[in-house]
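The structure appears right after this line, and notes come after that.
Protein chains: 2
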Amino acid sequence: MNHYATIKDIARILKISTSTVSRALRDTYDVSKETKEKVLAVATELNYKPNYNATALARGSTYNIGIILPMINNYYFSTVLTGIQQAAYSKGFNIVLFITNNSAERELSIIQNLFITSLDGLLVCISSDSDSCGHFQEIIDSGCPIVFFDRVPSNIKTSTVIQDDFNGAFEAVEHLIRNGYTRIAHIAGSQGMVFTERRVQGYLAALEKNNFPIRKEWIVYSGFSQEDGEADTYRLLDGEERPDAIFAANDRKAIGAMLALKARNIQIGREIGIVGFTNDPMSSIITPTLTTVAEPAFEMGRESCELLIKHIKKKNFIPEEKVFPAKLIVRESSIKK
Amino acid sequence: MNHYATIKDIARILKISTSTVSRALRDTYDVSKETKEKVLAVATELNYKPNYNATALARGSTYNIGIILPMINNYYFSTVLTGIQQAAYSKGFNIVLFITNNSAERELSIIQNLFITSLDGLLVCISSDSDSCGHFQEIIDSGCPIVFFDRVPSNIKTSTVIQDDFNGAFEAVEHLIRNGYTRIAHIAGSQGMVFTERRVQGYLAALEKNNFPIRKEWIVYSGFSQEDGEADTYRLLDGEERPDAIFAANDRKAIGAMLALKARNIQIGREIGIVGFTNDPMSSIITPTLTTVAEPAFEMGRESCELLIKHIKKKNFIPEEKVFPAKLIVRESSIKK
DNA sequence: GTGAAAGCGCTAACAC
DNA sequence: GTGTTAGCGCTTTCAC
């Protein structure tokens with residue numbers, strides 16, 4: 049590899065010490081204007097690029113933050129990541145990306161092999177079946193701050209960023225009730241996850257408030273994919289009593305549900321109402337358009353990253369829990385007309 | 049920050065030298081089994097984590113590769129990135145992510161501030177209006193290999209990974225012709241980009257082969273978004289002679305076109321046929337379903353990354369151009385029925 | 001305001 | 001098979 053110029057080269061050319069060059073380059077005050085200008089001139093002439101490994105080693109801090117995500121090829125995560133990236137970029141941080149494929153095993157392996165020593169902080173959305181929270185605690189204890197978002201562990205004391213799952217679900221179900229649906233089912237996410245449970249709680253609370261009976265067989269847990277939504281729906285349709293509305297834990301599952309209904313020639317809206325969660329662009333493309341609960345994915349990403357940077361810059365920053373409002377967006381799939 | 053244990057600590061405890069510890073940890077041959085076992089035992093006991101900054105500094109190579117992308121919040125790029133990540137992970141490389149927001153300015157700023165000294169290689173999809181190829185050349189010359197994919201510059205000698213844009217477009221248009229459409233328009237991508245031009249060439253070639261006249265006003269260039277597709281379509285509809293089919297440069301534009309047709313109450317398929325490019329999952333969700341040309345996004349990501357790693361591992365690796373086949377997927381939007 | 005010197009944690013000749 | 005030594009490029013006391 050052709051070597052880049054180093055501060056030594058600059059120092060040698062200018063016949064000054066490397067420490068002066070270092071100071072000049074970093075805008076430290078106690079260096080005269082002349083020397084600074086000279087240094088800068090030579091630096092650009094030599095196309096000097098700082099070696100961040102050396103800086104990191106000497107200073108003990110890199111400007112890298114790690115992101116651990118279950119996946120990125122869907123609307124929600126790719127938008128969150130875009131938000132994170134935006135915030136990181138504007139504060140001069142780089143992003144190191146890790147994807148767990150929703151596998152707890154891979155998550156664990158990533159964490160254990162994480163080159164923590166070259167990361168200033170970590171942004172994490174845990175995988176569905178993750179139980180590796182002890183490992184996260186260990187990382188935090190060792191001085192590398194973590195901020196969790198969306199899928200957060202329940203027992204770790206650090207900042208978190210989530211959407212208002214309970215109220216979003218509550219409003220979705222109340223909306224269905226107001227529109228005349230009476231037998232409302234819920235196809236939920238992975239069992240045991242905090243946000244899955246919060247959405248279930250919102251669903252239950254809305255039913256209770258309106259004096260609707262709760263039927264366990266109308267709550268079906270599975271994964272978060274379109275296929276899961278499809279399968280869940282067939283299960284509901286083939287059950288003893290057929291629901292007349294389905295609240296899905298996310299839009300992908302809702303779309304799966306719509307596909308199942310279409311396959312069975314059941315009118316969406318008129319016969320069975322559907323509400324999703326996320327506001328994936330697909331929800332306004334599909335026919336009929338899908339009523340959903342919007343999450344501010346981009347802002348959540350940005351906020352998570354800003355929070356993390358605060359933790360990085362200020363040791364002992366007091367953890368905050370940011371809850372973003374979820375907003376019902378009424379479209380065609382939940383109207384009986 | 050609580051300091052992690054270093055090889056010095058291990059050496060001190062075992063009363064051996066740091067080099068022995070270093071060798072033991074890295075499985076180098078010339079170290080006895082006993083010492084190795086002892087070292088490993090102490091290492092796990094101390095929860096030793098290597099400092100990658102130090103390693104990188106000493107060895108001159110990090111295990112990081114940078115990815116520069118116009119955006120990640122759509123199907124194609126998020127899938128490519130997933131493929132890249134998969135390959136990188138399996139070969140022990142980390143991914144540092146940069147997003148240009150499709151801005152040449154930002155792309156330039158990223159490249160100039162790139163901490164190249166801590167990157168072993170770079171994977172790049174240039175932004176629409178990029179003209180910073182000189183800078184890329186400079187990076188390659190300095191010893192940091194680059195592989196370009198999807199949107200590649202025309203004048204740099206290095207490996208590239210693309211899909212077969214020409215033939216994909218050609219087949220799409222021939223398919224329309226075979227299905228009885230005679231006035232076929234093309235809503236193209238950003239002018240000047242290699243792959244935009246290749247798709248235009250494929251479109252033109254199919255027309256010529258079938259002795260269809262070429263009408264300049266039926267080729268409209270703009271961006272790659274759904275909104276662009278919508279606007280382009282209105283322009284075509286309001287033109288002097290209305291086309292009876294539209295081949296779109298990608299699915300997002302095709303979907304925009306479909307929305308425009310729906311808004312004008314024009315029957316998709318029967319009155320105006322539509323074909324897209326990408327095979328975004330949306331194409332099978334929308335009604336009518338969208339005929340499209342599928343690109344193997346995941347595989348392209350994986351292949352790009354593997355090619356880059358070859359460049360990294362083998363100085364003077366001879367550049368390769370990988371062209372992935374594009375495959376027509378016929379659905380409802382291009383059938384007159 | 002500038003220089004000398006030590007050190008960040010690890011690797012890699014070169015000895016023995 | 002193991003230790004000694006120097007050094008990767010940069011930062012940072014501590015002098016002057």
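Chains as they are written, first to last, in the numbering used here: chain H, 49 to 385; chain D, 49 to 385. Where is the CB? At the ideal position from N, CA and C, for every residue including glycine. All values reported here derive from a predicted model rather than from experimental measurement.
| Check | Outcome |
| --- | --- |
| Interface residues of chain D facing T130 (chain H) [CB-CB closer than 8 Å] | M119, I120, N121, I147 |
| Spatial distance of A279 (chain D) from I147 (chain D) (CA atoms) | 26 Å |
| Beta strand (DSSP E) runs contained entirely in the segment 78-120 of chain H, provided each spans 3 or more residues | 112-117 |
| Cα-Cα separation between I210 (chain H) and S80 (chain D), rounded to whole angstroms | 52 Å |
| Where L156 (chain D) meets chain H, residues with beta-carbon distance less than 7 Å | Result: empty, since nearest Cβ-Cβ is about 14 Å, beyond 7 Å. |
| 7 Å Cβ shell around A91 (chain H) - same chain, five flanking residues per side excluded | I58, L73 |
| Beta strand (DSSP E) runs contained entirely in the segment 199-267 of chain D, provided each spans 3 or more residues | 208-211, 232-236 |
| DSSP state of P373 (chain D) mapped onto helix, strand, coil | coil |
| Unbroken stretches of the beta strand (DSSP E), 3 residues or longer, contained in the segment 124-175 of chain H | 142-147, 169-172 |
| Residue-chain proximity (I334 (chain D), chain H), Cβ-Cβ < 8 Å | yes |
| Residues of the segment 156-170 of chain H whose Cβ lies closer than 7 Å to any Cβ of chain D, in chain order | F163, I164, T165, S166 |
| G216 (chain D) versus I314 (chain D): straight-line alpha-carbon distance, rounded | 26 Å |
| Any chain D beta carbon closer than 8 Å to V144 (chain H) | yes |
| Short Cβ contact (8 Å threshold) for M241 (chain D) with R290 (chain D) | no |
| Partner residues on chain H for I303 (chain D), Cβ-Cβ distance less than 8 Å | I333 |
| Residue range of the unbroken alpha helix (DSSP H) whose run includes I322 (chain D) | First-last for I322 (chain D): 321-323, but that is the beta strand (DSSP E), not the alpha helix (DSSP H). |
| Bridge partners - A293 (chain H), DSSP secondary structure assignment | H:I232, H:G321 |
| From D:Y96, D:L167, D:N122, residue whose alpha carbon lies closest to that of N99 (chain H) | D:L167 |
| L284 (chain D) vs I294 (chain D) beta-carbon contact at 8 Å | yes |
| Selection from D:A236, D:L224, D:G277, D:E265 that minimises the alpha carbon distance to L255 (chain D) | D:L224 |
| Contact set between A104 (chain H) and chain D, taken where Cβ atoms lie within less than 7 Å | N101 |
| Nearest-angstrom beta carbon gap, I132 (chain D) and S352 (chain D) [assumed within contact, 8 Å] | 6 Å |
| Whole-angstrom distance between T208 (chain H) and E153 (chain D), CA atom to CA atom | 34 Å |
| Opposing strand residues paired with T326 (chain D) [DSSP bridges] | D:A342 |
| Interface residues of the segment 79-101 of chain H facing chain D [CB-CB below 9 Å] | N95, K97, P98, N99, Y100, N101 |
| Amino acids of chain D, ordered along the chain, whose beta-carbon sits closer than 9 Å to that of Q315 (chain H) | The premise fails here: Q315 (chain H) is roughly 14 Å from chain D at the closest Cβ pair, so nothing lies under 9 Å. |
| E380 (chain H) versus G321 (chain H): straight-line alpha-carbon distance, rounded | 9 Å |
| Residue environment, S67 (chain D), which counts as buried when at least 16 other CB atoms sit within 10 Å | exposed |
| Integer Cβ distance of D212 (chain D) from P367 (chain D), believed to fall under 8 Å | The pair is not a contact, with the Cβ atoms about 19 Å apart (cut-off 8 Å). |
| Outcome for Y77 (chain H) when other beta-carbon atoms lying within 10 angstroms are tallied against a minimum of 16 | exposed |
| C-beta atoms of D328 (chain H) and R300 (chain H) nearer than 8 Å | yes |
| Against chain H: residues of the segment 186-212 of chain D by CB proximity under 9 Å | E186, D189, S190, G191, C192 |
| Chain-ordered neighbours of Q330 (chain H) on chain D, where CB pairs are closer than 7 Å | A small correction: the amino acid at residue 330 (chain H) is Met; Gln does not occupy that position in the sequence shown. What M330 (chain H) touches in chain D: M330, I333. |
| Residues in the segment 265-288 of chain D having any Cβ partner in chain H nearer than 9 Å | Q274 |
| Neighbouring residues, chain H, relative to A110 (chain D) (Cβ below 8 Å) | In the sequence under discussion, the amino acid at residue 110 (chain D) is Thr, which differs from the Ala named in the question. The answer, in chain order, is N101. |
| Proximity test, Cβ basis, 8 Å: S175 (chain D) and chain H | no |
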